[in-house]
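Reading through the structure tokens given below for one structure.
Number of protein chains: 2
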Amino acid sequence: MLTACSTIGVAHEERIDACHSAPRSEQLSGTGTVPAVVMSYAADERVFGQGMPRRFVYKVKSGVVRTFTLLGDGRRQIDAFHFPDDVFGLELNDDHSLSAEAVAATQLLVFQRSLIDRAAENNCAMAQELLSLTGRTLERTRAQVVLSRRSAIERLANFLLNLGSRVGTETSVDLPMSRYDIADYLGLTIETVSRMLSELERIDAIVLTTTRHIVFRDRVKLTVLSNPPMG
Amino acid sequence: MLTACSTIGVAHEERIDACHSAPRSEQLSGTGTVPAVVMSYAADERVFGQGMPRRFVYKVKSGVVRTFTLLGDGRRQIDAFHFPDDVFGLELNDDHSLSAEAVAATQLLVFQRSLIDRAAENNCAMAQELLSLTGRTLERTRAQVVLSRRSAIERLANFLLNLGSRVGTETSVDLPMSRYDIADYLGLTIETVSRMLSELERIDAIVLTTTRHIVFRDRVKLTVLSNPPMG
DNA sequence: CGCTAGCTTGAATGACGTCAAAGCGAGTGG
DNA sequence: CCACTCGCTTTGACGTCATTCAAGCTAGCG
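Structural data, given as structure tokens:
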């Protein structure tokens, strides 16, 4: 009955509507619970699309999601990768200004936007939570602006360290995303990403055991390159 | 009694504390009023500094303010210019992550942060307003990330059009800020800004009647260059 | 074993930054 | 009123770094 038509960009929402499993009370963040259902997405499956009505808010249960903007010239700016416990789909307007896709097999908690909005109108704690989430997103986006002025190798070092702190161990990290994804996130080309990874390996900062698995060999070198802004 | 020591970065706040003029009820945004006092700032005078306790929230009454980050290597990333009716100094943390300075002679409405926070705890409408302001800031910051992938001339065309829509007329705009400010906002050097302005003049998109006054000669050319992202 | 998609590597191009010098304009003092 | 000066701006020559174009390579899979 439900054919594979994720490219149309609506099927996933029909699937959510058709999901008759009982919503469970789940935390969006911090305090307060809201009913939510769990949905599964295959790699590269669309979650929502730019310009579509913003009916749901999402929280990653497992897997990874990318949110991105498609530019006029066909290029793609990846806004953020969302890992377990991250909330996304929370915006100001009634329509999405970004698109979202699963990077790998992913499970999401799906909240009705109307329920969250209603909760925020009656309950200042919920409104504060939304403010806090948006504020944190703003901080990360500002950091991205600052990063975008730095060199390719610095951006990549910073990216690997951040990724490691989210989904890696002390000594290594598995890249859930392709070189294309990394390039579109950092504002580089896949060739440059590849070259800089090779360069990081050449200076013994990392080892690429496979194309998707990175071992941190010298965190200090990475940290110096990542060189966070300060006053 | 109060010596000129704005470089220390505290004098301005002492001045606010010492201001015994009766606070008037003022709108932060939309609905709801909060007591505020008016403060005047000279060109380049500091409003607050990175790392300082975040005691106030500001709204521009007249003039222009720049908020910026100082990077480890001494470079400066201007985060935003704030024009009349813009609110700034609203962040997530208890300390400022940005610095703020007047670009030109400026008057600000100064609100106590504690009053605003208290209002937001008891009054969901105020909390919603803060959320809306932060959301709008986030949108602008995202647009900056997207812009930072584009060429120098495109960034500049986009900047001039945005500036024109805020403080210009149909046909012209006065630049309140220096080439340094523009460069640090767009992530370019002053030389490149200057070259691109000359280039825009060469292709008859604008005319620079003085270094600070720009006449729009062909808005279409600017718009095509500015070429907003779309899906 | 060969195919394909994703990744890596190389060489040439181009955009912006850097360094250097000259131009311009507003304020100052003669 | 004019010459001088200082800071900002413009312009030029050149270097650097990321992109582009073009092969090759590798790993997963039929």
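Residue numbers (the UniProt record's numbering), protein chains in the order written: chain A, 1 to 231; chain B, 1 to 231. Built from N, CA and C at the ideal position, the CB exists for glycine as well.
The Cβ-Cβ distance between A102 (chain A) and D44 (chain A) falls below 8 Å. Shown here for L133 (chain A): same chain residues with a beta carbon closer than 7 Å to its own, the five before and five after excluded, namely S29, V87, L90 in chain order. Ranking B:M52, B:Q27, B:Q144 by CA distance to the CA of V60 (chain B) puts B:Q27 first. Per DSSP, D79 (chain A) has no beta bridge partner at all. V65 (chain B) counts as buried, since no fewer than 16 other beta carbons sit within 10 angstroms of its beta carbon.
DSSP links E154 (chain A) through a beta bridge to no other residue. In this structure, the CA atom of F159 (chain A) is about 18 Å from the CA atom of R136 (chain A). Excluding five sequence positions before and after V207 (chain A), the CB atoms of its chain that fall closer than 8 Å to its own CB belong to E201, I214, V215, R217, given in chain order. Pairing M39 (chain A) with L130 (chain A), the inter-Cα distance amounts to about 22 Å. Of all C-beta pairs linking the region 141 to 158 of chain A to the region 109 to 126 of chain B, fewer than three are shorter than 8 Å, placing the two stretches out of contact. Closer than 7 Å at the C-beta level to chain A, one finds these residues of the region 65 to 81 of chain B: T69, L70, L71, G72, Q77, D79.
Using beta-carbon distances, L92 (chain A) counts as an interface residue toward chain B, with a partner under 8 Å. Separation of A125 (chain B) and E121 (chain A) (C-alpha to C-alpha, rounded to the nearest whole angstrom) is 7 Å.
By the rule that beta-carbons nearer than 8 Å mark a contact, N227 (chain B) touches chain A. Listed by position along chain B, the residues whose Cβ is nearer than 8 Å to that of Q27 (chain A) form an empty set, because the closest Cβ is around 19 Å away. By alpha-carbon distance to D204 (chain A), the top candidate from A:T192, A:I190, A:L188, A:L225 is A:L225.
Any Cβ of chain B closer than 8 Å to the Cβ of C124 (chain A) would place that residue at the interface, and such an atom is present. In the structure shown, Q112 (chain A) adopts extended strand secondary structure according to DSSP, grouped into three states. C-alpha of R142 (chain A) to C-alpha of M52 (chain A): approximately 26 Å in a straight line. For the options A:L71, A:L175, A:S25, A:N162, the alpha carbon positioned closest to that of L109 (chain A) is the one of A:S25. Here the C-alpha atom of R54 (chain A) lies approximately 46 Å from the C-alpha atom of E14 (chain B).
In summary, the residues of the region 140 to 153 of chain A whose CB is separated from some CB of chain B by less than 8 Å are T141, R142, Q144, V145, V146, S148, R149, in the order they occur in the chain. For V224 (chain B), the uninterrupted alpha helix (DSSP H) run begins and ends at 219 to 226, by DSSP. Below the 9 Å Cβ cutoff, chain A contributes L92 as neighbours of S132 (chain B), in chain order. The C-alpha of R219 (chain A) lies about 16 Å from the C-alpha of T209 (chain A). Setting aside the 5 residues that flank it on each side, T192 (chain B) is surrounded in the same chain by A152, A183, each with a C-beta closer than 8 Å to its C-beta; the list follows chain order. About 6 Å separates the CB atoms of D79 (chain A) and L98 (chain A); that is less than 8 Å, so the two are in contact. Short of 8 Å from the beta carbon of T69 (chain A), and not among the five residues preceding or following it, lie these beta carbons of its own chain, in chain order: Q50, R76, Q77, D79, S97, L98, S99. The contact set of E121 (chain B) on chain A, defined by CB atoms closer than 7 Å, consists of C124 in chain order.
Between H82 (chain A) and the set A:R149, A:R195, A:Y185, the nearest pair of CA atoms involves A:Y185. Distances from the alpha-carbon of R212 (chain A) to those of A:L197, A:N227, A:D174 put A:D174 closest. The shortest C-alpha to C-alpha distance from A105 (chain A) to any of A:F56, A:R113, A:S62 is the one to A:S62.
Sequence-distant partners of F48 (chain B) (beyond 5 residues in either direction) whose C-beta falls short of 6 Å from its own C-beta, in its chain, are H96, A100. The Cβ neighbour count for A18 (chain B), taken over all protein chains shown within 10 Å, is under 16; the residue is labelled exposed.
Scanning the UniProt domain "HTH crp-type" (150 to 220) of chain B for uninterrupted beta strand (DSSP E) segments of 3 residues or longer gives 172 to 174, 206 to 210, 213 to 216, listed from N- to C-terminal end.
L222 (chain A) and L161 (chain A) do touch by the CB rule: their CB atoms are close to 6 Å apart, below 8 Å.
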